[in-house]
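Just below is one structure, and these are the notes that go with it.
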Amino acid sequence: MPQREVGRAVRASSCAADDPVRVLYLDPMDGATGVFRDALVVASLSHALDAASVTAEAFAVEDEEGTVPGRTVLSPDGRCVVWRAERLLAPGTAHRVTVAGLRDVRGRTVAPHRSRFVPCDLTYRDVFD
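Right under this line is the structure:
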């Protein structure tokens, strides 16, 4: 199967229709530190998702105070979920990403996925503007 590099991970570029539905890649990666406070959380999935399953409960980001308010959108091909916080992320605080309850277009549940990352004191614009 052809592979391509995505960030620091290498993943297969396609999955068979009957392969399990799962998160292939999540950015920021599990355990990442120094993440910008205005970073997007992006999940690449093995199969196209049912847009109705992409909810705040099914794709959540939490810090020590609870759920971080944000907006989640699905890419046109249904294979990428992008989450953007409604406020800057808390610096130096562990943030947990939980993917649980998403379904693909065939109604199959995506395998649960959890990861964590820690933002730094900077935003993207602090560095690049």
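Following numbering that gives the first Met the number 0, the numbering of the sequence shown begins with 0 at its first residue and continues without gaps. Don't be surprised by glycine CBs; every beta carbon is placed ideally from N, CA and C.
In the DSSP assignment, find the unbroken beta strand (DSSP E) run with residue i in it and report its ends.
i: Arg107; result: No beta strand (DSSP E) holds Arg107; DSSP gives it neither H nor E.
i: Arg70; result: Gly69 to Leu73
i: Arg95; result: His94 to Val98
i: Phe127; result: Looking at the DSSP string, Phe127 is not in any beta strand (DSSP E); the run it does join, the alpha helix (DSSP H), is Tyr123 to Phe127.
i: Gly77; result: No beta strand (DSSP E) contains Gly77, which DSSP labels as neither H nor E.
According to the Cβ coordinates, are residue i and residue j closer than 8 Å?
i: Phe116; j: Val22; result: no
i: Val53; j: Thr108; result: no
i: Pro90; j: Arg36; result: yes
i: Gly69; j: Glu85; result: yes
Taking the DSSP output, what are the residues bridged to residue i?
i: Arg83; result: Arg70
i: Arg102; result: Thr108
Quick one: using the 10 Å Cβ neighbour count with 16 as the cut-off for buried, is residue i buried or exposed?
i: Asp103; result: buried
i: Leu73; result: buried
i: Ala57; result: buried
i: Gly6; result: Residue placement at Gly6 cannot be trusted, given a pLDDT of 46 that sits under 50; the coordinates are not used to answer.
i: Pro111; result: exposed
i: Ala59; result: buried
In the structure shown, what three-state DSSP assignment does residue i receive?
i: Ala89; result: coil
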